[in-house]
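Quick notes on the structure that follows.
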Amino acid sequence: MAKKTLTKEEIIHLSKLANLSLTEEEIEIYGSQLSEILSYIEQLEEVDTSKVSSTAQVTELKNVTEEDEVKEERSIKDLAGLKVNKDNYFTVKRIR
Amino acid sequence: MDILKASISKLRQLIKDNKISSEEIVAQISERINKENPKLNALLTVVEKPEVNENMKDKPLYGIAFTLKDTYVTKGIRTTAGSRLLENYIPQYDATVYKKLKEAGAVLIGKTNCDAWGHGSSTENSDFGVTKNPWNQDYVAGGSSGGSAAAVASHLSPFSIGEDTGGSIRQPASFCSVVGLKVSYGLVSRYGSIAYASSLDTVGPITKTVEDCALVLDVIAGNDNQDATTNPAKPSHYSKSINNDIKGFKIGIPKEYFVEGIDKEVAEQVENSIKLFKKMGCEIVDITMPMTRYALSTYYLIATSETSSNLGRYDGIRYGNSRKDFGAEAKRRIMLGTFTLSAGYYDAYYKKATKVRTLIKNDFDQAFKKVDIILAPVSPTPAFKIGEKVNNPLQMYLSDILTIPVNLAGIPALSVPAGFTKYKLPVGVQLIGNRFEEEKLLNIGHKFEQERGELPSID
Amino acid sequence: MYKYQPVIGLEIHVELKTKSKMFCQDSADYFGKKPNTHVCPVCLGLPGALPVPNKKAIEWTILIGQALNCSINKVSKFDRKHYFYPDLPKGYQISQYDEPIASNGWLKFQISNFKFQIKEKKFRIHRVHLEEDTGKLIHSGSDTLVDFNRSGVPLVEIVTEPDFDNSDDVKRFLEELHTIIRYLGVSDADMEKGSMRLEPNISLRKISIQDSGFKIQELPNYKVEVKNINSFNFVKRAIEYEIKRQTEILEKGETPAQETRGFDSVKGITYSQRSKEEAHDYRYFPEPDIPPLEFTYKEIEDIKKKLPELPSDKEKRLIKEYRLKAQDAFILTRDLRIADYFEKVTDEFNKLMLVQDKASVDIEKQQSLGQTIANLIVNKRLSTSLDPEEFAKKAITSTVTYIADREKMDKAVSKVIDDFPKAVEDYKAGKTNSIMFLVGQVMKEMKGQVDANTVKKKLIKILK
């Protein structure tokens, strides 16, 4: 059964999952806007899909693979423009 | 002025006949950009020294200048996807579509404005300001590929590559009176196209004429071993068959596309288009596509689910700014998509949407058993005023209601200018084809354009 | 009355040694390389990059599934698993959720208990799936450094059913699995380099035994995972520590927290990893950038043909074919190279012996030739770095009593016949005793480096 409204706690939980830090104001706005969108989307409940398969993609392809070989020309030799330090590492604030 | 207004096919002829050089085309366009772009804000980045390669004279698009929506990565040229988050991002590699165009001799002159991450229908979600409609600057150019459509309409580039996830090529093309092609999913490589919703995103041209569309498609279509979703089949030679006779073709008119809130003048333009097809000897067939009304909900569930995932990589660690720099619409869609995929809601939302998607696709499969193409409006209304829908996301979403089903089904559709409203706002008509039948679609579009005759263009 | 019974399951990650990475054509040979030099738009998660799966990695995952007696699923797909961590460049890992490549397998092998009774045990495999590895984090001062060279290397995850109730079985299982992976040649499975990583999950089940003898089992309502252990012994110790720790908590009437813990190999204890404590919601959905996988019966069977003889089968065959002691067959088959070496040496040995006078050969003790070779290898009396033929020759010298040098003996015999014509005459005339004199002379000539019986036979043959 689809859900109709989102509580403040749920919005905060979702923002954590999504790695977004929201302001109080944003939490408020998204709470009501998402609830409005969800109540529109509720219309899908009318559609009987009990015997319908999913379409997660429309390619109709299968087993698209690449051979196991190295293509040097595709690797990035020059990291200019990316945030590496002098030792060629990316850095973040210590996580533990 | 002639050069600026010229189509690709005309420019090709002029270059071939040595009547103009590629350098001259680029110079004239640069001048035009300098003059017009500050007013329109169609281009976010202008390439400083566009490179014309003299060794490419025999290539199909030799010397033809073009712009790319700023969602395509271009090595060494800033690529923002319309977002503050990437405002200083200089990519390390080239998108396949860009590579193919370069190899065909085309010359990149700029990157066009768009709603950040493709999220929007008006470019009002661009973090770098709205693109104004060249026909009336109080109005939006449409979106998300609004910059591309405005650039082509105002002669800032003979053609542009847009990106269509829910109507992002067709709707701005219709709002700006240019031709926009949304291709079949898998016809053109998405490699290097900054993803909005991976199962819906398509790469396509925005041009002045249908023939130009075919000329560009000839270059960009085809399998790419770096995009596993591209079709392995060899693409057609699209520009070759555009003049074929279309007499006897069956044009389907789906009644569901003409009900909810269609602007009277839009409906009139579509009626006129139907008359033109009748005149050309086509058969008009009434069809029904009962699942149409569920397309918008289905789309927003799938698109937001996928975008919440696709935007996960923007964490500020390797490139770009932090996630704080996502704009309001991106945050809104990330939040919705995170919710629809979350434990306990996946089945009711994401999974449900993928099932309804099957039914929507079935509608089209059934229709194409009876007709060659489907004719419908592109958007329920002509361009709307800047700011008119900005505070109501759902209203904004509704402007895509007639383009979205095509993306869900993965089929091609063409937006061709049909005429203007009494307030001189452009209206396009949407021609929808069966999967990978771009050849037929462009043929029909071209014949329609010929029959319609010349329309006014921006001075 | 009641007792606690451990319920242990395993998750094992194995890095495949393909040339290129799982979803791009970047080199997967990342170990010890300068940071961020084996990266491309795909494995670095740059905007616009798209994944294309590595065909060999898929085949090898099928092969692992087959070696573990799994059924290979005809239809399979990749999914996105979402979480945020600095070593995960896309904010999701491409993995497999509800349609893994292989599932429902088992692994059985022999286990000897403390009384040295051998028993065959079978443990079920829940699933085998394919995913991509993450980058590597190095904590340094106030920073955490990220190296993406490992990002996107193919990683196979093997998940067992919670079929274990003691740490010895777990260790033995892991050793067997390790051996199998090495036999398949799909991974170095080098624990020190992290190309095989072990994660046991442990909980305790309360079993109440009523006066009537009726047992009531309560399923545990928690699970403790110990992450990323890189040695079988550490797994054993971590499990033992957890059993003790959890028993103490349960005895107090409390329930151990459902959590992920790390293992401190110096202190021999596990510790809570607070950073990952929050319950995950991975928001799996089908990877839209990769069309699904579908295998025909024939494709699956063709891969199955590439399965080598697996260690436990080889062990059984060696016992039967070479009459080896079970424990030596086990030791020899732990390393495919050694097992192959053993068979090659035995073969060489046989070839060399063919040209020898059978009668002159007397193998040490009453054991099979194979067992003789096995002893030399197992007890390291000879180096297995020798060429097999060389090994065989040395094996012959050190284990076989026989004419040291055929030619030398022939020469000595001729010399003695020439030097002692009288004794030869006597023998020919019927004084058979004089043969012993001749044998003695030959022995003397050869400084005893020859078997008297062999010399006697040779002389009789010549003087006939």
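Residue numbers (my numbering), protein chains in the order written: chain A, 1463 to 1558; chain B, 47 to 505; chain C, 10 to 473. For every residue, glycine included, the Cβ atom is placed at its ideal position computed from N, Cα and C.
- Same chain, Cβ closer than 7 Å to K424/C, five either side skipped, listed in chain order: The residue labelled residue 424/C in the question sits at position 415 within the third sequence. E454.
- Item | Opposing strand residues paired with N367/B [DSSP bridges] | Here residue 367/B is taken as the residue at index 321 of the second sequence, counted from 1. In the DSSP output, where bridge partners are listed per residue, N367/B has none listed.
- Would you kindly check if the distance between the Cβ of Y350/C and the Cβ of I216/C is under 8 Å? For this step, residue 216/C is matched to residue 207 along the third sequence. For this step, residue 350/C is matched to residue 341 along the third sequence. Cβ distance not < 8 Å, so I216/C and Y350/C don't count as in contact.
- Query: Are I155/B and A111/B touching if we call contact CB-CB under 8 Å?
  - Reply: On the second sequence, position 109 is the one that residue 155/B refers to. On the second sequence, position 65 is the one that residue 111/B refers to. Yes, they are a contact pair.
- Would you call the CB atoms of G307/B and A413/B closer than 8 Å? Walking along the second sequence from the start, residue 307/B turns up at place 261. Walking along the second sequence from the start, residue 413/B turns up at place 367. Taking 8 Å as the cut-off, the beta carbon of G307/B is found no closer than this to the beta carbon of A413/B.
- Task: Mind checking who L1468/A pairs with in its DSSP beta bridge?
- Result: Here residue 1468/A refers to the residue found at position 6 when the first sequence is read from its first residue. Bridge partners of L1468/A: none, in fact.
- Query: For the region 56 to 83 of chain C, which residues have a beta carbon sitting closer than 8 Å to at least one beta carbon of chain A?
  - Reply: V61, P62, N63, K64, K65, A66, I67
- Item | Status (buried if at least 16 other CB within 10 Å, exposed otherwise) for V162/C | Counted from its first residue, the third sequence places residue 162/C at position 153. Buried, by the Cβ-count rule.
- Assigned secondary structure, A438/C (DSSP; H/G/I helix, E/B strand, else coil): As a position in the third sequence, residue 438/C is number 429, starting the count at 1. Here A438/C sits in coil by DSSP.
- Which value, in whole angstroms, describes the spacing of the CA atoms of H492/B and V229/B? For this step, residue 492/B is matched to residue 446 along the second sequence. For this step, residue 229/B is matched to residue 183 along the second sequence. One C-alpha to the other measures close to 16 Å.
- Query: Under the three-state reduction of DSSP, which class applies to K146/B: helix, strand or coil?
  - Reply: Stepping through the second sequence from its first residue, residue 146/B is reached at position 100. The answer is helix: DSSP assigns K146/B an H, G or I state.
- Query: H135/C to D197/C, Cα distance in whole Å?
  - Reply: On the third sequence, residue 135/C is found 126 positions in, with the first residue counted as 1. On the third sequence, residue 197/C is found 188 positions in, with the first residue counted as 1. When rounded, the distance between both Cα atoms is 23 Å.
- Does the distance from the CB of N271/B to the CB of V48/C come in under 8 Å? What you label residue 271/B is simply residue 225 of the second sequence in a count that begins at 1. What you label residue 48/C is simply residue 39 of the third sequence in a count that begins at 1. Contact flag unset, no.
- Task: May I have the straight-line CA-CA distance separating Q375/C from T381/C, to the nearest angstrom?
- Result: As a first step, residue 375/C must be located in the third sequence, where it is residue number 366. As a first step, residue 381/C must be located in the third sequence, where it is residue number 372. Since pLDDT at Q375/C reaches only 46, below the 50 mark, its modelled position is unreliable, and the value read off the structure follows with that caveat. So the alpha carbons of these two residues sit roughly 10 Å apart.
- Query: Of all the CB atoms in chain A, is at least one closer than 8 Å to the CB of P439/B?
  - Reply: Taking the second sequence and counting its residues from 1, one reaches residue 439/B at position 393. By this cut-off, P439/B is an interface position.
- Task: Consult DSSP for S463/C and reduce its assignment to one of helix, strand or coil.
- Result: The count along the third sequence starts at 1 and reaches residue 463/C at position 454. This sequence places Thr at residue 463/C; Ser is not what is there. In this structure, T463/C counts as helix in the three-state DSSP scheme.
- Task: Check whether the Cβ atoms of I71/C and I309/C lie closer than 8 Å to each other.
- Result: Counting from one through the third sequence, the residue named residue 71/C turns up at place 62. Counting from one through the third sequence, the residue named residue 309/C turns up at place 300. Cβ distance < 8 Å, so I71/C and I309/C count as in contact.
- Item | Interface partners of F93/C on chain B, CB under 8 Å | As a working note, residue 93/C is residue 84 in the third sequence. Under the 8 Å cutoff, chain B gives G358, D361.
- Task: Report the residue ranges of all alpha helix (DSSP H) runs contained in full by the region 413 to 498 of chain B; include only those spanning at least 4 residues, in chain order.
- Result: 439 to 444, 450 to 455, 484 to 498
- Taking only beta-carbon atoms, is V48/C less than 8 Å away from chain A? Here residue 48/C corresponds to residue number 39 of the third sequence, with the count starting at 1. Yes, contact with chain A.
- Query: If you measure beta-carbon to beta-carbon, which residues of the region 1479 to 1490 of chain A are closer than 8 Å to chain E?
  - Reply: Among the chains of the structure shown, chain E does not appear; the protein chains present are A, B and C.
- Tell me, which residues are paired with E129/C by DSSP? Your numbering for residue 129/C matches position 120 in the third sequence. Under the DSSP definition of a beta bridge, E129/C partners with Q119/C.
- Alpha carbon of G109/B to alpha carbon of N45/C, nearest angstrom: Position 63 of the second sequence, counted from the first residue, corresponds to residue 109/B. Position 36 of the third sequence, counted from the first residue, corresponds to residue 45/C. Whole-angstrom Cα-Cα distance: 38 Å.
- Message: Checking 8 Å against the spacing of the C-beta atoms, do Y135/B and L114/B come in under that value?
- Response: In the second sequence, counting from the first residue as 1, residue 135/B sits at position 89. In the second sequence, counting from the first residue as 1, residue 114/B sits at position 68. No; because the gap between Cβ atoms is not below 8 Å, this pair is not in contact.
- Using a beta-carbon distance cut-off of less than 9 Å, what residues from the region 445 to 462 of chain B approach chain A? Residues of the region 445 to 462 of chain B with a Cβ closer than 9 Å to any Cβ of chain A, in chain order: L454, A455, G456, I457.
- Item | Span separating the alpha-carbon of D264/B from that of G192/B | Residue 264/B sits at position 218 when you count from the first residue of the second sequence. Residue 192/B sits at position 146 when you count from the first residue of the second sequence. If I take the Cα positions, the gap works out to 24 Å.
- Pair within 8 Å by beta-carbon distance, T353/B and G327/B: Working through the second sequence from its first residue, we reach residue 353/B at position 307. Working through the second sequence from its first residue, we reach residue 327/B at position 281. Cβ atoms of T353/B and G327/B: not closer than 8 Å.
- Does the count of Cβ pairs from the region 397 to 411 of chain B and the region 330 to 343 of chain B closer than 8 Å reach three? yes
- Query: Nearest chain C C-beta to L1468/A closer than 8 Å, yes or no?
  - Reply: Start at 1 with the first residue of the first sequence, and residue 1468/A comes out as number 6. Judged by the 8 Å Cβ criterion, L1468/A is not in contact with chain C.
- M205/C, enclosing beta strand (DSSP E) - first and last residue: Reading the third sequence from its first residue, position 196 is the one you call residue 205/C. That run of the beta strand (DSSP E) goes 205 to 218.
- Message: Using beta carbons (cut-off 8 Å, strictly below), is L154/C in contact with chain B?
- Response: For the purposes of this step, residue 154/C is taken as residue 145 along the third sequence, with counting starting at 1. Chain B contact via Cβ: absent.
- Please work out which residues of its chain come closer than 8 Å, Cβ to Cβ, to L421/B, disregarding the five sequence neighbours upstream and downstream, and give them in chain order. Start at 1 with the first residue of the second sequence, and residue 421/B comes out as number 375. Within the same chain, L421/B has close Cβ partners I297, G298, I299, V316, S319, I320, F323, V475, Q476, L477, I478.
- Using a beta-carbon distance below 8 Å, is I1474/A in contact with chain B? Reading the first sequence from its first residue, position 12 is the one you call residue 1474/A. Taking Cβ atoms only, chain B never reaches closer than 8 Å to I1474/A, which makes this a no.
- Message: Assuming the contact rule is C-beta atoms closer than 8 Å, I252/B and V198/B should be a hit. Round their C-beta distance to whole Å, please.
- Response: Residue numbering aside, residue 252/B sits at position 206 when the second sequence is read from its first letter. Residue numbering aside, residue 198/B sits at position 152 when the second sequence is read from its first letter. At roughly 5 Å, the Cβ-Cβ gap stays under 8 Å, so I252/B and V198/B are in contact.
- Item | Classification of Q484/B by the beta-carbon crowding that lies within 10 angstroms, buried from 16 upward | For the purposes of this step, residue 484/B is identified with residue 438 of the second sequence, where counting begins at 1. In the sequence as presented, Gln is not what sits at residue 484/B; that position holds Glu. Flag for E484/B reads buried.
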